[in-house]
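Heads up: the structure comes next, in structure tokens.
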Amino acid sequence: MTEHMSQTEQQASVISRDDVALVTGATGFIGPRVVQNLVNRGFRRVRVLVRPSASSSETKVLLQQAGQNDLQVIYGNLLSMDDCIAATEDARVIIHLAAGRGEKSIPDAYLNSVVTTRNLLEASLLHRCLLRFVNLSSFSVYANDGRTPGKRLDETWPVEQHPERRGDAYSFAKARQEELVVEYSKKYGIPCVMIRPGWVYGPGNTAITGRVGIGSFGVFLHLGGSNRIPLSYVDNCAEAITLAALVPGVDGEVFNIVDDDLLSSRQLLRLYKRHVRRFSSLYVPKFLSYSLCYFWERYSAWSEGQLPPAFNRCRWNSFWRKTYYSNDKLKKALGWMPIISTQEGLRRYFEACRRKDAHA
Amino acid sequence: MLKAAIVGCGKIADSHAAQMGRIRNCEIVAVCDREPLMARQLKERFPVKAAYSNLAELLREARPDVVHITTPPESHFQLAGMCLDAGCHVYVEKPFTLTEQEARKLIAHAHERGLKITAGHDDQFTHVARRMRALVNSGFLGSSPVHMESYYCYELADTGYAGALLGDKRHWVRKLPGKLLHNVISHGIARVAEYFSTDDVEVLAYGFISPYLRSRGETEIIDELRVIITETGGPTAYFTFSSQMRPSLHLFRIYGNKNGLILDHDQETLIKLRGARYKSYAEKFVPPVNFARQYLGNLRTNLRCFLARDFHMKSGMKCLIEAFYQSIVNDGPVPIPYREIVLTAKIMDAIFLQLDQGRSVEARVASPQAASKD
């Protein structure tokens, strides 16, 4: 890791060590690692925008990890234009990680992802000093409908044009957030880099991804089967985001973030059961899960939304269609390499899961 | 074809748009939100003709017959007034207004203009609520109600709305006279208001901040409330709001001098309580069988509604909107009597006034020096 750090430190950066780098969502899952990366690289003016609702312990941990002197904490809400103006003042790089995660309703997710992003972009325009805007998006924006070229998902894949059909608030908000960022980039010449991570896992996110299966119906339905899971260990993801913020010459680019040595859904589930806890699961073959999603979608439409369209073909394609992933561009353009191996990442993840279960 | 518009494009507006889409002879001609992006996302997902960020513009250009106000409560009075001035009928989400005075003014305004107005007390129009109303009206209770109990609970969690509210001292809910309670309890209060025959009621309220919220450093949000409401010469009622009790009930019990009824809003069940007792040990064995039979009957009814595609989570809202539109088209009576809307506001006013007074007393007790200066 030290060797890797020294390599990246030697690389040219779009900002100097004394420029302001703003990180939103800094108390979230990925945010603290990104902040730490910046501080470790010698950036002396890292600023974080923290929600007033963030617990004092979260902020304290962040300050302790990063070192009090290198971090400027601004308490505010991205829904407040005044707070955004204050946060973006003199900011040369903005790493926008804050998003409406966990929102079940589309308006809430949209408000906390799209409206907030617009406010941040508008505020940054006032200061006229922004050199890069890094937007954290998601794999969920891809249209994986079988008409896409090949099974290897890379940055050239088309983006979902009708995210509302997915029936998922987060996907909808992320797709529209990306559109907004691109729109601002074109209209006002804001240099943007789009980051689309796969499933970011690690201590802090102990839930098992829906790409493996769902436990909503009493028994865990294993839907992923032999699919590769687009794993991205949180430290590796943070490293990629940091590089996307600093490496020159990548404005306007999109980067998918996945680790090397991806496991299949079946392998991940088996390891999870072995290392975290035993539970019964039922494998649902692809043709059956697709049929169920199809009938759910049709019933939802026929019943005028009596059952919400939570399961549908768009979601099946995005989550459970067999797909391979590439991180070639990430490696070539940003010089990214995973700093934590999948084996070690999973070890830490399972340990965190066990700790959480023990406290539950 | 009734032309409808929605003002305020947040979470509840989705429910309105979805239920309006299920009603025949109605179209959503426009939506409006001060935040243009929010108006845009609603328009994108529902069959809506136009999106606005200015209500005056919407009223001028889209010329709706009826406007649904789904904004935060502090704006209800002003926005509904604007819509009435523009000749539109108005459906106002709960809470109807911030005070009884505003409620009276708004209703008088609608009356003057020959327009109709209603409050979003849609919980009273679910299948089970309508079944209960029909039973009460048929005389099942044996008399006018003697006593009622209304539970309306709310689980506070660290996520979503509650998380945002608890963590943000500037949250709009904190600016309401009754804060969290103001935004939540009107469904539970409206249930009892329906069965009071006059507005001559006395209210005795006791509220406090739960130990859970206190442990989080909360000093403003009252999340535990117990209320006794009495009508002179009429029924009495208990109202309970709790963020901590489990199960988190949405329950209504009503008793006459002969029988009683229990309505569970979450499970959509209605249980008849037989006033007369069975003899001796029969009282121990027959009623459980009777209850089991009733619960099975409820299951059958719910399944029938579900299979008939008429068991949506917001089916009450559809029924209320439909009834309101019918009253507009046929110039008939509004689905929720104005007296009931005003009484709900009156009871809420009395609760918040007493909680405020209680807070002042608490502050004086906590700070004897300040009290002696008074």
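Heads up: the sequence lines are chains F and C, in that order.
Note that the numbering used here has the first sequence beginning at 25, numbered continuously upward.
Note that the numbering used here has the second sequence beginning at 4, numbered continuously upward.
The C-beta atom is built at its ideal place from N, Cα and C for all residues, glycine as well.
Beta-ladder partner(s) of residue i, from DSSP
i         : result
ASP267(C) : LEU254(C), THR272(C)
LYS6(C)   : GLU30(C)
SER245(C) : GLU227(C)
PRO221(F) : ILE281(F)
VAL213(C) : One point to set straight first is that residue 213(C) is Ser, not Val, in the sequence displayed. Note: SER213(C) sits in no beta bridge, so no partner.
CYS216(F) : PHE157(F)
VAL206(C) : ILE232(C)
GLY226(F) : ASN229(F)
HIS406(F) : Outside the modelled stretch of chain F, which goes from 25 to 384, sits residue 406(F), for which no answer is possible.
LEU306(F) : LEU245(F)
TYR257(F) : TYR225(F)
TYR349(F) : LEU177(F)
Assigned secondary structure, residue i (DSSP; H/G/I helix, E/B strand, else coil)
i         : result
ARG362(C) : helix
CYS335(C) : Rather than Cys, the amino acid found at residue 335(C) in this sequence is Gly. In the structure shown, GLY335(C) sits in coil (DSSP, three-state: anything other than H, G, I, E or B).
TYR157(C) : coil
GLN185(F) : coil
THR239(C) : strand
HIS190(C) : helix
ASN136(F) : helix
ALA167(F) : coil
GLY276(F) : coil
LYS3(C)   : No information on residue 3(C) is available, as it lies outside the stretch 4 to 377 that chain C covers here.
THR52(C)  : Correcting the residue identity first, residue 52(C) is Lys in this sequence and not Thr. Note: LYS52(C) maps to strand in three-state DSSP.
TYR341(C) : helix
PHE319(F) : helix
ILE71(F)  : Here the sequence assigns Arg to residue 71(F), which means Ile is not the residue at that position. Three-state result, ARG71(F): strand.
CB contact below 7 Å: residue i versus chain F
i         : result
ARG48(C)  : yes
HIS315(C) : yes
GLN44(C)  : yes
GLY11(C)  : no
ALA53(C)  : no
ARG177(C) : no
ASP203(C) : no
THR73(C)  : no
ARG133(C) : no
VAL182(C) : Here residue 182(C) is Lys; the residue named in the question, Val, does not match the sequence. Judged by the 7 Å Cβ criterion, LYS182(C) is not in contact with chain F.
LYS97(C)  : no
ARG194(C) : no
ASP226(C) : no
ARG116(C) : no
ARG229(C) : no
LYS321(C) : no
Burial state of residue i, where buried means 16 or more other Cβ atoms lie within 10 Å
i         : result
ASP88(C)  : exposed
GLN360(C) : exposed
THR51(F)  : buried
ARG152(F) : exposed
VAL345(C) : buried
LEU58(C)  : buried
GLU158(C) : exposed
TRP320(F) : buried
SER200(C) : exposed
ILE214(F) : buried
GLU38(C)  : buried
TYR215(C) : exposed
Cross-chain neighbours of residue i in chain F, by beta carbon under 7 Å
i        : result
GLU38(C) : VAL139
ARG25(C) : GLU328
Closer than 8 Å at the beta carbon, the chain C residues around residue i
i         : result
GLU188(F) : GLU47, ARG48
ARG142(F) : LEU40
ARG200(F) : GLN44
Contacts of residue i in chain F (Cβ-Cβ under 9 Å)
i         : result
ASP389(C) : Nothing about residue 389(C) can be read from this structure; chain C reaches only from 4 to 377.
ALA21(C)  : GLU328, GLY329
Contact list for residue i against chain F, beta-carbon separation under 8 Å
i         : result
PHE309(C) : GLN330
MET41(C)  : PRO131, TYR134, LEU135, VAL139
GLY237(C) : Within 8 Å Cβ-Cβ: nothing; GLY237(C) doesn't reach chain F, min ~39 Å.
LYS14(C)  : SER129, PRO131, ASP132
ARG312(C) : TRP326, SER327, GLU328, GLN330
Partner residues on chain C for residue i, Cβ-Cβ distance less than 9 Å
i         : result
ASN159(F) : Simply none; closest approach about 16 Å.
Amino acids of chain C, ordered along the chain, whose beta-carbon sits closer than 7 Å to that of residue i
i         : result
PRO333(F) : Within 7 Å Cβ-Cβ: nothing; PRO333(F) doesn't reach chain C, min ~11 Å.
ASN101(F) : ASP171
Below-7 Å beta-carbon distance, residue i vs any chain C residue
i        : result
PRO76(F) : yes
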